[in-house]
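Trainee: This structure is in structure tokens; I'll ask about it shortly.
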Amino acid sequence: MDELILEKSAPITFKSSPIRIPDVQHINTSEPVDSANQLDLITNAWIGRFTGNISPAALINAYNDWLTHLRLSPSKKAELTNKALKKFWRWTTYACDPAQMLPSFNNESQHCITPLPQDKRFIDKAWENWPFNVMTQGFLLNQQWWHNATTNVRGVSQHHEDVVTFTTRQILDMWAPSNFLLTNPVVLKQTMREGGANLLRGAQNAFADWQRSSGAGSDSTSAFKVGENLAVTPGKVIYRNRLIELIQYSPSTESVHAVPVLIVPAWIMKYYILDLSAQNSLVNYLVEQGHTVFMISWKNPDASDRDLSMDDYHNLGVMEAIDTVSRVTGAEQINSVGYCLGGTLLSIAAAAMARDGDTRLASITLFAAQVDFTEPGEMSLFIDESQISFLEAVMWEQGYLDSTQMAGAFQLLRSNDLIWSHRLNQYLLGMKETESDLMAWNADATRMPYRMHTEYLRHLFLHNDLAEGRYRVNSKVVNLTDIHVPIFAVGTTTDHVAPWHSVFKIQRLTEAELTFLLTSGGHNAGVVSPPGHPHRSYQVATRAQGDAVVDADTWQTTLPVHEGSWWPTWEAWLASRSGQSIKPPAINNPICDAPGVYIMQK
């Protein structure tokens with residue numbers, strides 16, 4: 045559960061609702077939508093319903109690039125032919141070996157091929173028995189051959205190679221012997237043991253998933269509920285506008301640090317990833333350490349919010365929150381924290397504040413947040429001009445990117461863990477899903493407005509404007525090099541959304557004092573790492589202002605590894621920049637109790 049947790053996600057489904065044509069006069073984008081290209085947008089949106097919002101043109105371009113260059117590479121074709129013959133001979137020899145039919149045959153050294161370390165599909169000893177061992181070996185050899193065929197073809201662009209390799213792997217994974225009753229010895233054994241009761245429970249699980257995905261069911265049976273055992277750190281909503289609610293948490297200590305903490309979560313997720321159950325709540329941990337904590341809770345946008353822009357998220361979000369925190373506490377400076385996209389937005393806001401001479405930030409902390417998108421991780425598979433244009437049509441038609449559409453993309457990135465293992469465990473083995481606070485949060489997804497997400501994809505993901513000094517806030521360029529306040533950046537080792545090598549690149553984009561911490565885990569579970577959590581470790585080092593920058597791999601290999609949670613290390617860094625102890629600021633004129641209204645929006 046270490047990456048962007050989607051184990052709780054329902055199967056990928058595509059909505060089927062009438063195409064709605066927005067009023068063109070109310071669409072506010074950099075390129076106006078005229079009547080001539082409305083038909084194009086409608087057509088693309090309609091096609092997206094059948095392709096999971098993946099652009100057919102993007103796939104065709106990638107496969108055409110690969111096939112064309114493969115035809116022009118006789119040496120590669122000869123290599124693949126040779127590999128195919130060798131693999132077929134190895135598999136045939138293996139399959140015809142009488143030893144493979146013996147139940148006691150478990151000598152892995154005799155195998156043609158072994159799965160990759162992260163491939164857990166065939167670890168059960170039942171797969172060692174005939175005929176399942178023969179099927180598994182054939183599948184793995186075939187999978188390896190296709191990987192050879194789709195990589196290292198001379199002339200193919202790296203992006204197209206990644207797309208072809210990824211989509212080919214998805215097709216192969218669909219037909220893995222582990223996915224089917226008659227070819228999975230673990231399922232067959234369980235079915236015989238239970239007399240088919242597991243399949244009956246699996247059918248019930250599948251029906252329940254279908255109900256949830258179609259909106260006919262509910263998650264009312266979940267043991268985790270917002271406001272009951274999630275997002276329960278005491279506090280009040282003290283400010284609300286059309287985009288955010290701002291929560292001020294109640295103090296739990298007699299005195300607090302003078303410099304308050306403002307947290308900017310990502311709008312792609314609900315904020316309570318940082319305020320889960322009490323033992324996993326970063327907010328609760330900070331409050332107990334004597335910090336006055338404020339949290340932005342983003343509205344879950346609908347079609348009426350289609351024109352919200354990145355500037356709106358900056359102005360109505362981060363800046364109005366900073367203004368409010370400054371006003372209610374009287375503090376001259378604020379320790380700011382940003383997570384994921386919230387960290388990217390906070391970096392943009394900090395650069396704009398530095399540009400404008402606004403000195404209210406005492407420090408910046410970034411959790412798994414990118415500011416340079418030249419190495420954006422596996423999500424880059426879905427980002428090129430063709431795909432963005434196609435996605436724009438989908439968002440234009442409905443006014444936002446739906447949570448199920450985003451979940452589908454993330455599920456595909458880890459299909460073995462998030463799609464096929466779900467179907468195996470829930471539908472074939474009939475197992476009940478184990479709930480956790482993190483999984484309950486993950487199922488509570490959000491939407492993203494049409495204009496904002498279009499601007500984000502184009503200016504940051506596609507063109508990398510922020511890192512390259514072209515990004516504009518309120519029509520004026522901002523530069524990360526203008527930031528001079530201390531920065532604490534956290535990367536996670538197995539993050540497939542914001543790879544830590546990419547997060548590390550902030551080192552070369554600012555000369556400010558910068559502490560970088562690399563922790564075990566993924567995009568979510570690596571951040572939600574309270575003291576006492578088992579199997580956690582981290583590395584950390586500070587680069588003084590103006591010091592030379594080392595490359596990421598050298599940084600990692602030369603630093604000691606510390607066991608345990610990284611939270612105390614960060615909190616100590618934060619406390620050293622939080623001023624003297626004072627009486628806790630009052631919470632005046634609250635609007636309602638935390639967690640507020642926006643977090644409840646579906």
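For the sequence shown, the positions run 45 to 646 when my numbering is used. Glycine residues also receive a C-beta, built at the ideal position from the N, C-alpha and C atoms. Source: prediction; values computed, not measured.
Under the rule that 16 or more other beta-carbon atoms within 10 Å means buried, what is E376, buried or exposed?
Mentor: As a position in the sequence shown, residue 376 is number 332, starting the count at 1. E376 is exposed by the Cβ-count criterion.
Trainee: In terms of alpha-carbon separation, which member of G199, K131, R93 lies closest to W110?
Mentor: Working through the sequence shown from its first residue, we reach residue 110 at position 66. For W110, the nearest C-alpha among the options comes from G199.
Trainee: Fully enclosed by the stretch 490-520, which alpha helix (DSSP H) runs are 4 residues long or longer?
Mentor: 494-499
Trainee: According to DSSP, is M313 helix, strand or coil?
Mentor: For the purposes of this step, residue 313 is taken as the residue at position 269 of the sequence shown. DSSP, reduced to helix, strand and coil, places M313 outside both helices and strands of the structure shown, so it counts as coil.
Trainee: Got a sec? Which residues, its chain only, sit under 8 Å from Y527 by beta carbon, not counting five neighbours each side?
Mentor: Mapped onto the sequence shown, residue 527 falls at position 483. Here the sequence assigns Ile to residue 527, which means Tyr is not the residue at that position. Taken in chain order, the residues that qualify are S391, A394, A395, A398, I408, T554, A556.
Trainee: Does DSSP put D217 in a helix, in a strand, or in coil?
Mentor: Here residue 217 is taken as the residue at index 173 of the sequence shown, counted from 1. In the structure shown, D217 sits in a helix (DSSP, three-state: H, G or I).
Trainee: Would you say T87 lies against chain C (beta-carbon separation less than 7 Å)?
Mentor: In the structure shown, chain C does not exist; there is a single protein chain.
Trainee: In terms of residue numbering, what span does the beta strand (DSSP E) encompassing N379 cover?
Mentor: Residue 379 sits at position 335 when you count from the first residue of the sequence shown. Run containing N379: 378-383, per the beta strand (DSSP E) assignment.
Trainee: Does the distance from the C-beta atom of P304 to that of V369 stay below 7 Å?
Mentor: On the sequence shown, residue 304 is found 260 positions in, with the first residue counted as 1. On the sequence shown, residue 369 is found 325 positions in, with the first residue counted as 1. Yes.
Trainee: Could you tell me which of T538, P634, R580 sits nearest to Q162, measuring between CA atoms?
Mentor: Translated into positions along the sequence shown, residue 162 becomes position 118. Closest option to Q162, Cα to Cα, is T538.
Trainee: Use the C-beta contact count for A638: other C-beta atoms within 10 angstroms, 16 or more gives buried, fewer gives exposed.
Mentor: The residue you call residue 638 lines up with position 594 of the sequence shown. With 16 or more neighbouring CB atoms inside 10 Å of its own CB, A638 falls in the buried class.
Trainee: Ordered along the chain, which non-local residues of its own chain (more than five positions away) have a Cβ less than 8 Å from that of C636?
Mentor: Along the sequence shown, one-based indexing puts residue 636 at 592. The residues are K280, V281.
Trainee: By Cβ distance, which residues of its chain are closer than 8 Å to N633, with the 5 residues on each side in sequence left out?
Mentor: The residue you call residue 633 lines up with position 589 of the sequence shown. Excluding residues within five positions, the ones whose Cβ falls inside 8 Å are I282.
Trainee: Can L405 and G387 be called in contact, C-beta distance under 7 Å?
Mentor: Position 361 of the sequence shown holds residue 405. Position 343 of the sequence shown holds residue 387. Cβ distance not < 7 Å, so L405 and G387 don't count as in contact.
Trainee: Can you tell me the Cβ-Cβ gap for N344 and T211, rounded? I've got them flagged as a contact below 8 Å.
Mentor: Taking the sequence shown and counting its residues from 1, one reaches residue 344 at position 300. Taking the sequence shown and counting its residues from 1, one reaches residue 211 at position 167. Not a contact, Cβ separation roughly 31 Å.
Trainee: Taking P578 and W611 to be in contact with their CB atoms under 8 Å, please state how far apart those CB atoms are, rounded to whole angstroms.
Mentor: Walking along the sequence shown from the start, residue 578 turns up at place 534. Walking along the sequence shown from the start, residue 611 turns up at place 567. About 14 Å; that fails the 8 Å criterion.
Trainee: Considering only the alpha carbon of each residue, which of K233, N192, R552 lies closest to D591?
Mentor: For the purposes of this step, residue 591 is identified with residue 547 of the sequence shown, where counting begins at 1. Minimum Cα distance to D591 is reached at R552.
Trainee: Would DSSP call Y246 helix, strand or coil?
Mentor: In the sequence shown, the residue the question calls residue 246 occupies position 202. It is worth fixing the name first, because residue 246 is Gly in this sequence and not Tyr. Looking at G246 - three-state DSSP - the assignment turns out to be helix.
Trainee: Per DSSP, what kind of secondary structure is H113 in: helix, strand or coil?
Mentor: Counting from one through the sequence shown, the residue named residue 113 turns up at place 69. The answer is helix: DSSP assigns H113 an H, G or I state.
Trainee: Pull the bridge partners of D637 from the DSSP assignment, please.
Mentor: The residue labelled residue 637 in the question sits at position 593 within the sequence shown. Paired residue(s): K280.
Trainee: On the DSSP bridge list, what partners appear for A616?
Mentor: Mapped onto the sequence shown, residue 616 falls at position 572. Answer is none; A616 lacks a bridge partner.
Trainee: Return the first residue and the last residue of the beta strand (DSSP E) that I340 is part of.
Mentor: Within the sequence shown, residue 340 is the residue found at index 296, counting from 1. Element bounds for I340: 337-342.
Trainee: Assess contact between the stretch 216-236 and the stretch 125-136, defined as three or more Cβ pairs (one per stretch) separated by less than 8 Å. Is contact present?
Mentor: no
Trainee: List the DSSP bridge partners of G535.
Mentor: As a first step, residue 535 must be located in the sequence shown, where it is residue number 491. DSSP, once it has assigned bridges, lists L562 as partnering G535.
Trainee: Based on Cα-Cα distance, which residue from M218, L385, Q431 lies nearest to T92?
Mentor: Indexing the sequence shown from 1 puts residue 92 at position 48. Correcting the residue type first, residue 92 is Gly in the shown sequence and not Thr. The candidate whose alpha carbon is nearest that of G92 is Q431.
Trainee: Express the C-alpha separation of Y293 and K627 in angstroms, rounding to a whole number.
Mentor: Locating residue 627 in the sequence shown gives position 583, where the first residue counts as 1. Locating residue 293 in the sequence shown gives position 249, where the first residue counts as 1. Roughly 14 Å separates the two Cα atoms.
Trainee: So Q442 and A302 are supposed to be a Cβ contact under 8 Å. How far apart are they, rounded?
Mentor: Numbered from 1 along the sequence shown, position 398 holds the residue referred to as residue 442. Numbered from 1 along the sequence shown, position 258 holds the residue referred to as residue 302. With a Cβ gap of about 46 Å, Q442 and A302 do not count as contacting.
Trainee: Quick check on DSSP: helix, strand or coil for E607?
Mentor: Within the sequence shown, the letter at position 563 stands for residue 607. Note: E607 maps to strand in three-state DSSP.
Trainee: Out of curiosity, what's the CA-to-CA distance linking P100 and A616?
Mentor: For the purposes of this step, residue 100 is taken as residue 56 along the sequence shown, with counting starting at 1. For the purposes of this step, residue 616 is taken as residue 572 along the sequence shown, with counting starting at 1. The alpha-carbon atoms of P100 and A616 are separated by roughly 50 Å.
Trainee: Can you tell me whether L320 is helix, strand or coil according to DSSP?
Mentor: Looking up residue 320 in the sequence shown gives position 276. In the structure shown, L320 sits in coil (DSSP, three-state: anything other than H, G, I, E or B).
Trainee: May I ask you to verify whether the stretch 351-370 touches the stretch 324-332, counting CB pairs closer than 8 Å and requiring at least 3?
Mentor: Contact annotation: the stretch 351-370 does not touch the stretch 324-332, with fewer than three C-beta pairs closer than 8 Å.
Trainee: Less than 6 Å between C-beta atoms, sequence neighbours within five positions excluded: which residues of the same chain meet that for S380?
Mentor: Taking the sequence shown and counting its residues from 1, one reaches residue 380 at position 336. Once the five neighbours on either side are set aside, the close Cβ partners of S380 are L306, L390, L405, I408.
Trainee: Which whole-angstrom value describes the C-beta separation of R245 and G474, a residue pair presumed to lie in contact below a C-beta threshold of 8 Å?
Mentor: Counting from 1 along the sequence shown, the entry for residue 245 is found at position 201. Counting from 1 along the sequence shown, the entry for residue 474 is found at position 430. Indeed, because the Cβ distance is near 3 Å, the residues count as touching under 8 Å.
Trainee: Going by CA-CA distance only, name the one from T158, E272, N177 that's closest to Q188.
Mentor: Taking the first residue of the sequence shown as position 1, residue 188 is located at position 144. Out of T158, E272, N177, T158 has the C-alpha closest to the C-alpha of Q188.
Trainee: Express the C-alpha separation of Y138 and S153 in angstroms, rounding to a whole number.
Mentor: Along the sequence shown, read from residue 1 onward, the residue named residue 153 stands at position 109. Along the sequence shown, read from residue 1 onward, the residue named residue 138 stands at position 94. Its pLDDT being 49, under 50, S153 is placed unreliably in this model, and the coordinates cannot settle the point.
Trainee: If distances are taken between C-alpha atoms only, which option among N177, V208, Q181 comes closest to W190?
Mentor: Locating residue 190 in the sequence shown gives position 146, counting from the first residue. Comparing Cα-Cα distances from W190 to each of N177, V208, Q181, the minimum goes to V208.
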